[in-house]
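Here the structure is laid out as structure tokens; the discussion comes afterwards.
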Amino acid sequence: QKEVEQNSGPLSVPEGAIASLNCTYSDRGSQSFFWYRQYSGKSPELIMSIYSNGDKEDGRFTAQLNKASQYVSLLIRDSQPSDSATYLCAVKFGGATNKLIFGTGTLLAVQP
Amino acid sequence: NAGVTQTPKFQVLKTGQSMTLQCAQDMNHNSMYWYRQDPGMGLRLIYYSASEGTTDKGEVPNGYNVSRLNKREFSLRLESAAPSQTSVYFCASYEPGASTDTQYFGPGTRLTVL
Numbered sequence: 279q280k281e282v283e284q285n286s287g288p289l290s291v292p293e294g295a296i297a298s299l300n301c302t303y304s305d306r307g308s309q310s311f312f313w314y315r316q317y318s319g320k321s322p323e324l325i326m327s328i329y330s331n332g333d334k335e336d337g338r339f340t341a342q343l344n345k346a347s348q349y350v351s352l353l354i355r356d357s358q359p360s361d362s363a364t365y366l367c368a369v370k371f372g373g374a375t376n377k378l379i380f381g382t383g384t385l386l387a388v389q390p
Numbered sequence: 086n087a088g089v090t091q092t093p094k095f096q097v098l099k100t101g102q103s104m105t106l107q108c109a110q111d112m113n114h115n116s117m118y119w120y121r122q123d124p125g126m127g128l129r130l131i132y133y134s135a136s137e138g139t140t141d142k143g144e145v146p147n148g149y150n151v152s153r154l155n156k157r158e159f160s161l162r163l164e165s166a167a168p169s170q171t172s173v174y175f176c177a178s179y180e181p182g183a184s185t186d187t188q189y190f191g192p193g194t195r196l197t198v199l
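Going down the list, the sequences are from chains A and B.
Under our numbering, the first residue of the first sequence is numbered 279, with each subsequent residue one higher.
Under our numbering, the first residue of the second sequence is numbered 86, with each subsequent residue one higher.
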């Protein structure tokens with residue numbers, strides 16, 4: 279069974295702090311990793327994708343991938359109240375089907 | 086350019102009733118997906134269609150059927166609704182090989198089965 283695991287939270291951080299969100303996955307053959315943000319009552323939207331080991335930065339967001347440890351993380355610098363949402367980790371497992379397996383999501387609350 | 090649209094937005098059914106959830110995309114994507122989202126369970130794939138004319142089961146297909154009507158439209162049918170099917174249903178579309186490697190989600194349908 280292919281699995282993606284996240285801590286459900288809530289993760290509470292003060293405004294301006296760094297929020298660190300973590301995700302582990304079960305299939306060593308996975309090649310593509312995604313972070314989606316989902317506001318309450320809304321649909322998920324992609325914020326970061328990462329395919330190679332190391333860090334990928336986009337504005338205040340940094341995704342980190344360690345395939346040896348089967349671990350992917352998302353750092354949000356200078357957290358804002360508007361970042362308060364559920365963050366979903368998704369993994370595209372090996373094969374040609376382009377299917378994603380989602381984690382259960384981590385609820386982030388940024389306190390003003 | 087509306088992206089992915091879903092109808093209806095809300096629906097209440099009684100146990101045993103049937104209904105079809107509609108999904109359409111205007112991005113000319115080949116692949117389409119149906120997910121359900123339950124509290125604490127994340128998004129789970131019900132069915133997907135890799136291309137027009139093909140459909141395959143996902144993680145939780147029992148109690149559902151799908152139809153890929155054409156390249157734009159992918160519908161999800163509940164033949165005999167059960168309270169366990171109370172959930173939020175999301176449709177998504179995706180184009181393999183596109184520069185933006187992401188699934189695009191519709192706004193969701195909130196279904197309650199009494």
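Built from N, CA and C at the ideal position, the CB exists for glycine as well.
Neighbour list for residue i in chain B, Cβ cutoff strictly below 8 Å
i, result
"PRO322 (chain A)", "LEU128, PHE175, PHE190"
"LEU366 (chain A)", "GLY127, LEU128"
"SER286 (chain A)", "GLY125"
Closer than 7 Å at the beta carbon, the chain B residues around residue i
i, result
"GLY383 (chain A)", "GLY127"
"PHE380 (chain A)", "GLY127, LEU128"
Unbroken beta strand (DSSP E) run spanning residue i, endpoints
i, result
"TYR133 (chain B)", "127–134"
"GLU335 (chain A)", "332–336"
"ASP186 (chain B)", "That residue, ASP186 (chain B), is in no beta strand (DSSP E); it is neither H nor E in DSSP."
"GLN284 (chain A)", "282–284"
"ASP123 (chain B)", "116–123"
"ALA65 (chain B)", "Outside the shown range of chain B (86 to 199) lies residue 65 (chain B), about which nothing can therefore be said."
"ARG355 (chain A)", "From DSSP, ARG355 (chain A) is part of no beta strand (DSSP E); its letter is neither H nor E."
"TYR149 (chain B)", "149–153"
"ARG195 (chain B)", "194–198"
"ARG157 (chain B)", "Careful: ARG157 (chain B) lies outside any beta strand (DSSP E) and carries neither H nor E."
"VAL388 (chain A)", "384–389"
"GLN91 (chain B)", "89–92"
"TYR174 (chain B)", "172–179"
Per-residue burial, residue i [other beta carbons within 10 Å of its own, 16 or more giving buried]
i, result
"LYS377 (chain A)", "buried"
"ILE296 (chain A)", "exposed"
"PHE95 (chain B)", "exposed"
"TYR179 (chain B)", "buried"
"LYS320 (chain A)", "exposed"
"SER347 (chain A)", "exposed"
"TYR317 (chain A)", "exposed"
"MET117 (chain B)", "buried"
"PRO292 (chain A)", "exposed"
"MET326 (chain A)", "buried"
"SER290 (chain A)", "exposed"
"SER357 (chain A)", "buried"
"VAL89 (chain B)", "buried"
"ARG315 (chain A)", "buried"
"LEU154 (chain B)", "exposed"
"ALA167 (chain B)", "exposed"
"LEU199 (chain B)", "exposed"
9 Å Cβ cut-off: residues of chain B touching residue i
i, result
"PHE312 (chain A)", "ASP186, THR187, GLN188"
"SER327 (chain A)", "THR185, ASP186, THR187"
Residue i at chain D interface by Cβ criterion, 9 Å
i, result
"PRO146 (chain B)", "Checking the listed chains, one finds no chain D in this structure; the protein chains it contains are A and B."
Interface partners of residue i on chain A, CB under 7 Å
i, result
"PRO181 (chain B)", "ASN376"
"SER152 (chain B)", "By Cβ distance, chain A contributes nothing, its closest Cβ being about 19 Å from SER152 (chain B), past 7 Å."
Residues that residue i contacts on chain A, provided the C-beta gap is smaller than 9 Å
i, result
"GLY193 (chain B)", "GLY319, LYS320, SER321"
"SER165 (chain B)", "In chain order: nothing, as chain A lies at least about 27 Å away."
8 Å Cβ cut-off: residues of chain A touching residue i
i, result
"TYR149 (chain B)", "By Cβ distance, chain A contributes nothing, its closest Cβ being about 16 Å from TYR149 (chain B), past 8 Å."
"SER103 (chain B)", "Ordered by position in chain A, no residue passes the 8 Å Cβ test against SER103 (chain B), which lies about 25 Å from the chain."
"SER116 (chain B)", "ASN376"
Decide if the region 100–111 of chain B is in contact with the region 121–137 of chain B; the criterion is three or more beta carbon pairs, one per stretch, under 8 Å apart. Contact between the region 100–111 of chain B and the region 121–137 of chain B is absent, because fewer than three Cβ pairs lie under 8 Å.
At which residue ranges does the region 289–313 of chain A contain complete alpha helix (DSSP H) runs of 4 or more residues, listed in the order of the chain? You should have found no qualifying run.
Can you confirm whether the region 326–333 of chain A touches the region 124–141 of chain B when touching is taken to mean that 3 or more C-beta pairs between the two stretches lie within less than 8 Å? Counting C-beta pairs with one atom in each stretch, the region 124–141 of chain B and the region 326–333 of chain A have fewer than three that are closer than 8 Å, which means they do not touch.
Cβ contact (3+ pairs, closer than 8 Å) linking the region 364–373 of chain A and the region 160–169 of chain B: Flag = no, the region 364–373 of chain A and the region 160–169 of chain B do not touch.
On the three-pair Cβ rule with 8 Å, is the region 351–361 of chain A touching the region 298–310 of chain A? Judged by Cβ distances under 8 Å, the region 351–361 of chain A makes contact with the region 298–310 of chain A, as three or more pairs qualify.
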